[in-house]
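Residue numbers (full-length UniProt numbering), protein chains in the order written: chain P, 1 to 401; chain U, 1 to 401. Worksheet for the structure shown next.
Protein chains: 2
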Amino acid sequence: MRIGILGYGTVGSGLVDLIDNNKGKREIEICSILIRDIEKYKGKKHFEKITTNIDDIFEQDIDILVELIGGLNPSLDYIKRALNNKIHVVTANKDLLAEYGDELINIANDNEVSIKFEASVAGGIPVLKPLIESLEGNNVDSINAILNGTTNFILSKMYDENLSYNEALKQAQDLGFAEANPDADVLGYDAARKLSILSTLAYDNRVYWKDVYLEGITDIDEKDIEYAKKLNCKIKLIGQSKYRNEKVSAFVRPVLVGNESILSKVDNEFNAVILNGDSVGELSFIGKGAGKLATGSAVYSDIIDILDNRLSCVDSFTRDIIKVNQVIDSKCSALLRFTDYKKDEILSIINECINKYDILNESDELAILVDADSEYEINNSICVIKDKGYCDQINKLLKIG
Amino acid sequence: MRIGILGYGTVGSGLVDLIDNNKGKREIEICSILIRDIEKYKGKKHFEKITTNIDDIFEQDIDILVELIGGLNPSLDYIKRALNNKIHVVTANKDLLAEYGDELINIANDNEVSIKFEASVAGGIPVLKPLIESLEGNNVDSINAILNGTTNFILSKMYDENLSYNEALKQAQDLGFAEANPDADVLGYDAARKLSILSTLAYDNRVYWKDVYLEGITDIDEKDIEYAKKLNCKIKLIGQSKYRNEKVSAFVRPVLVGNESILSKVDNEFNAVILNGDSVGELSFIGKGAGKLATGSAVYSDIIDILDNRLSCVDSFTRDIIKVNQVIDSKCSALLRFTDYKKDEILSIINECINKYDILNESDELAILVDADSEYEINNSICVIKDKGYCDQINKLLKIG
């Protein structure tokens, strides 16, 4: 099997190591590696195979193009070119799948080749393959997941070591867990893209990532962490989607997660995906969401599947985009924090709209935990309180489990 | 795809429901179902296809034989007959795989058909497929698992509701989680068989189930549960194996598991498998270990794999049997309980052989938690204490995590 690799960074190097380590067991020949700056790779193994010219890759008569450069451009063009030339594609590119999954799967189908993307969601955890192949007899109706290692690392540090958000972010950057520009991670875009890929496959309807309700972790502060500890919870950036009555709801947002739940045990750079199938019940997959060899292992397994001719259908991406509800329309709890507040006025409004509340703090700010029939009630209360000017600022943090 | 099914009990009925529910999506034709007692199935769907004669099954020109009767005989003969007739086999039978896996895989290979057995380990959790196919680029070096739902249910009830072992067993039997004769579950045989299957696939060496160190849960009493709570632990029947320097160690035994670990969150009929791969790191799979539709879902996925021609290699079973070390030769902790004891004499012996100990109780019995360089030291101390007659009885319970 002849392969061309686009990108020779962290994941690319991990993949090359795995291919080299398994030489003799599997015949995978690295024909060419595309990079941008030759200078950076001097002395690195397979140097003789690197090129800055994409045409060199396609001249090699490859069977598989492995795309590991990320982003939308020029990855999209390269992948389309491969598929149109009847070359299989393996990619770790969630941005591309979330945005152009429909188009890419269609081109792959038209050309009778496959595009595989296990590494695009939850790094090293084999979760797309079990979802697509092992759970075919199931209707999956919910996903609860921690899909971004960077934010999970930051939130773990804030919780375990009482760091501020900025201190934890800095540590994540120093350790290589966060990019210099961390926006895609900390604002939740990365997790939303992964959740949309999982949801599309799970519900056999295309869930478009921009329709997922999105809230990042940049507003989480030390006080949130304090309340979390008081409530026997951790704070996690949760991607959740549900399929009910042919409708999907989906969000990515920081959530208070009870210490009794499995998700609360998933810390640092680890990811978790919990699926609920009507036959199999609740299934949890936990492992490293990123890393050279972990993600490399997922890419490698896709190559092996093509080598062994183990193909599966991912036509869900070609279905119509389904409407996504962004507000929780079932019972839910939330922590509400009010600064510069008028207590009696606020509580009287809360009392009107919301089933039950507990006051956690009323000294420097008012913090209450509310139980409501749906998020609409909570949002209504907040609206009224804001309109009447009963406080300066309101923060809302959902609680699950 | 024409299939014959052996057995129409819990899992068989689950499978039939899944096939019927997915009619239209997949063309799977149930040709014949083997049962023992026709009377029992009157009024049940597909009654017209049931037979008590195995020859009726083989006369149907089937593509797949699905074996769901369990046990060694006559399953072994039926499966061999199928493979020798170039009929694929799907089975949930861990007893058979653990005992005759080598022979069956060889026959399957000789006849160029496959034998698939996802449902034989951890019920509905897709774990064999990820292990075989997704982790191929990894050397897996350890497995930590809860592999038996019956014992996990009993231990959960003892812990959560302060039931005695016998009360919890009775409840498990009443709810259908335990057989009338629960020996295979409560004595650990079932978990040892599953651990041997996982270990064989993980280490690419045949691990024979009878070589696994085995201890059941029948001696666990209310006091153990009390100590567990005191130590912030739960008690779980853990299957653990490790591969180091071309040697395997493996046990199935009740273990104190720290509340911070993921395994401590796996309760009741749920199972968990935690694998450590050198590329991917620690990977956890958690889900229902048994049940009509959960196990049916795993069997169904094997059928779909054959239908889609997604085949994989399970030659590990045909390797030589590897020697299994039954004693832990690295640092370990254990709870030791002594009845009718001479405290000073016991502690002086403990002091000699063991790094560190804490006394948990010395009123009605002596209970100490010890940290040692290996289990050998602990066993040595126990031997000396027994030989000298310093107590009437000693119970040892390992602690991990």
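Yeah, the Cβ is synthetic: ideal placement off N, Cα and C, and Gly gets one too. If you're wondering where the values come from, they're calculated on a predicted model, not measured in any experiment.
{"Item": "Bridge-paired residues (DSSP) for residue 254 (chain P)", "Value": "P:237"}
{"Item": "Cutoff 8 Å: residue 160 (chain P) Cβ touching any chain U Cβ", "Value": "no"}
{"Item": "Beta carbon of residue 396 (chain U) nearer than 8 Å to that of residue 294 (chain U)", "Value": "no"}
{"Item": "Min CB distance residue 117 (chain P) to chain U below 8 Å", "Value": "no"}
{"Item": "Per-residue burial, residue 152 (chain U) [other beta carbons within 10 Å of its own, 16 or more giving buried]", "Value": "buried"}
{"Item": "Residue closest to residue 147 (chain P), alpha-carbon to alpha-carbon, out of P:298, P:69, P:288", "Value": "P:288"}
{"Item": "Through-space distance from residue 303 (chain U) to residue 1 (chain U), alpha-carbon basis", "Value": "9 Å"}
{"Item": "Three-state class that DSSP yields for residue 95 (chain P) in the structure shown", "Value": "helix"}
{"Item": "Given residue 36 (chain U) as reference, the closest of U:5, U:63, U:60 once Cα atoms are compared", "Value": "U:5"}
{"Item": "Residue environment, residue 327 (chain U), which counts as buried when at least 16 other CB atoms sit within 10 Å", "Value": "exposed"}
{"Item": "Spatial neighbours of residue 47 (chain U) in its chain, beta-carbon cut-off 7 Å, leaving aside the 5 residues before and after", "Value": "41"}
{"Item": "Test: residue 294 (chain U) CB closer than 8 Å to a CB of chain P", "Value": "yes"}
{"Item": "Which residues DSSP lists as bridging residue 332 (chain U), in chain order", "Value": "U:372"}
{"Item": "Touching by the beta-carbon criterion (3+ pairs, under 8 Å), the stretch 372-385 of chain U and the stretch 202-214 of chain U", "Value": "no"}
{"Item": "Segment contact flag, the stretch 256-272 of chain U with the stretch 97-117 of chain U, C-beta cutoff 8 Å, min 3 pairs", "Value": "no"}
{"Item": "Distance, residue 131 (chain U) Cα to residue 134 (chain P) Cα", "Value": "13 Å"}
{"Item": "Simplified DSSP assignment, three categories, for residue 142 (chain U)", "Value": "strand"}
{"Item": "Residues in the stretch 114-146 of chain P having any Cβ partner in chain U nearer than 8 Å", "Value": "118, 124, 125, 126, 129, 130, 133, 134, 135, 136, 137, 138"}
{"Item": "Beta carbon of residue 90 (chain P) nearer than 8 Å to that of residue 83 (chain P)", "Value": "no"}
{"Item": "Which listed residue (U:394, U:86, U:197, U:99) has its alpha carbon closest to that of residue 379 (chain U)", "Value": "U:394"}
{"Item": "Segment limits, alpha helix (DSSP H) that includes residue 153 (chain U)", "Value": "149-161"}
{"Item": "Proximal chain U residues relative to residue 22 (chain P), where beta-carbon distance stays under 9 Å", "Value": "136, 137"}
{"Item": "Contacts that residue 112 (chain P) makes with chain U (C-beta to C-beta distance below 7 Å)", "Value": "Ordered by position in chain U, no residue passes the 7 Å Cβ test against residue 112 (chain P), which lies about 15 Å from the chain."}
{"Item": "Separation of residue 377 (chain P) from residue 404 (chain P), as counted between CA atoms", "Value": "Missing from the structure shown is residue 404 (chain P); chain P here goes from 1 to 401 and no further."}
{"Item": "Three-pair Cβ contact test at 8 Å for the stretch 302-316 of chain U versus the stretch 359-370 of chain U", "Value": "no"}
{"Item": "The stretch 157-170 of chain U / the stretch 68-80 of chain U touching (three or more Cβ pairs under 8 Å)", "Value": "no"}
{"Item": "Partner residues on chain U for residue 265 (chain P), Cβ-Cβ distance less than 8 Å", "Value": "260, 261, 262, 265"}
{"Item": "Alpha carbon of residue 237 (chain U) to alpha carbon of residue 58 (chain U), nearest angstrom", "Value": "40 Å"}
{"Item": "Run of the beta strand (DSSP E) containing residue 2 (chain P), from where it starts to where it stops", "Value": "2-6"}
{"Item": "Whole-angstrom distance between residue 298 (chain P) and residue 53 (chain U), CA atom to CA atom", "Value": "46 Å"}
{"Item": "Reduced DSSP category for residue 383 (chain U) - H, G, I as helix; E, B as strand; rest coil", "Value": "helix"}
{"Item": "Buried/exposed call for residue 232 (chain U), threshold 16 Cβ in 10 Å", "Value": "exposed"}
{"Item": "Residue from U:352, U:116, U:365 whose Cα sits closest to the Cα of residue 384 (chain U)", "Value": "U:352"}
{"Item": "Cβ distance (whole Å) where residue 439 (chain U) is taken to contact residue 198 (chain U) below 8 Å", "Value": "No information on residue 439 (chain U) is available, as it lies outside the stretch 1 to 401 that chain U covers here."}
{"Item": "Distance between beta carbons of residue 242 (chain U) and residue 142 (chain U), contact taken as under 8 Å", "Value": "5 Å"}
{"Item": "Residue 312 (chain U), DSSP secondary structure in three states", "Value": "coil"}
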